[in-house]
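The opening residue of the sequence shown carries number 290 in my numbering; numbering runs sequentially from there.
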Amino acid sequence: MINGQSGGGTGEELVFLHGGSGSWELGTELFEQLPPEVRWWGVDLPGHGDSSWTGRYALEDAADEIAAWASANLTSPAWWYGHSYGGQVAVALAGRHPELARGLVIGDTPLALPSMLALFERTGDRMRTWRNWCGRPEPELLALLGNEPAGDRTMAEMLGHDHPYLRRMAAALHRHDPAFLDATADHTRETYRGLDHIATWLSRVRGPVTLLRADPAVFALSDDTDAALVREHARDGHVRTLPGAGHGLQNFAPKLVADTLAELIR
């Protein structure tokens, strides 16, 4: 079962796929900034939020689960905005089920398997820590997330102890399947092996594909390799960098992302 929530108007349909270990609620501020006519959907990916814990977290499996949900709930091919891991799932979905996508916007999304292997070499210990936190009470998780380092400060010192991002991540980890974090941190190659097909998937997307890159001066995960993949393999590929926005994109700059999406999907 996939949990999807919707709101907005009766215009273009836009589906938001959150990043790894998040939930649809991380799009709340983004939805508030979208033009009122946009019909938005926020979807919990498998193993996240209120969606089922399937135990199958390879990109292809997640994409096929979301595709089945889309076939049952969307009235026409939609625009998809996927952030980070959600962007990878969105590309897999549009490549495997092209009839469901009018266009894609992928938010600071690494698209190459070597990039993911290197990323989890660096961050695997943090993901294992999060795995051990899954299911704990939300107030405890809010404190734990707030105490994580952010440069020479903590996340709470940088953002504020009650920042919406911290509250929503605490709620997400409370409901999160720890097996997803096992899959990403300890079985990275198997989970992300579909990225070997990224060029084919991009070529099958029937509408525009735009990579929104975070500002490297802040913090970004997408790089020039990802930009080249989009430009070279998507039928209508574009790349934009959002000045001043780090990898979290809509979590910290919702109006900037909403304005960009509104321009792209009109």
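Using N, Cα and C, we set each Cβ at its ideal position, and we do this for glycine too. None of the values given here were measured: they were computed from a predicted structure.
Just tell me which of the options has its CA closest to the CA of residue i.
i    : options                : result
W368 : L491, A390, E552       : A390
D466 : V304, M444, D333, G297 : D333
S310 : R442, L455, E301, E321 : L455
A474 : M405, A401, D339, D512 : M405
H337 : V519, M416, H486, S312 : S312
L402 : E521, H536, S511, G535 : S511
E427 : M416, G483, R457       : R457
How would you label residue i, buried or exposed, when you count the other beta carbons within 10 angstroms and need 16 or more for buried?
i    : result
L303 : buried
T555 : According to the sequence provided, residue 555 is Arg. The question's Thr does not apply to it. The residue in question, R555, is exposed, as its Cβ has fewer than 16 Cβ neighbours within 10 Å.
A552 : Note that residue 552 is Glu in the sequence shown, not Ala. That one is exposed.
T364 : exposed
M290 : exposed
M540 : The amino acid occupying residue 540 in the given sequence is Asn; Met does not appear at that position. Buried is the call here.
Check this for me: beta carbons of residue i and residue j, under 8 angstroms apart or not?
i    : j    : result
P543 : L319 : yes
L315 : L550 : no
V494 : P387 : yes
In whole angstroms, what is the alpha-carbon distance linking residue i and residue j?
i    : j    : result
R420 : G526 : 36 angstroms
R478 : T499 : 26 angstroms
H307 : G371 : 6 angstroms
A361 : W330 : 13 angstroms
P335 : P453 : 22 angstroms
G384 : H463 : 32 angstroms
L382 : A547 : 22 angstroms
V327 : E321 : 11 angstroms
A459 : G396 : 22 angstroms
Y481 : E410 : 14 angstroms
DSSP on residue i, reduced to helix/strand/coil?
i    : result
F305 : strand
S492 : helix
P543 : helix
H527 : strand
T499 : strand
H372 : strand
Please confirm if residue i has its CB atom under 8 angstroms from at least one CB of chain D.
i    : result
G331 : Looking at the structure shown, chain D is missing, and only one protein chain is on hand.
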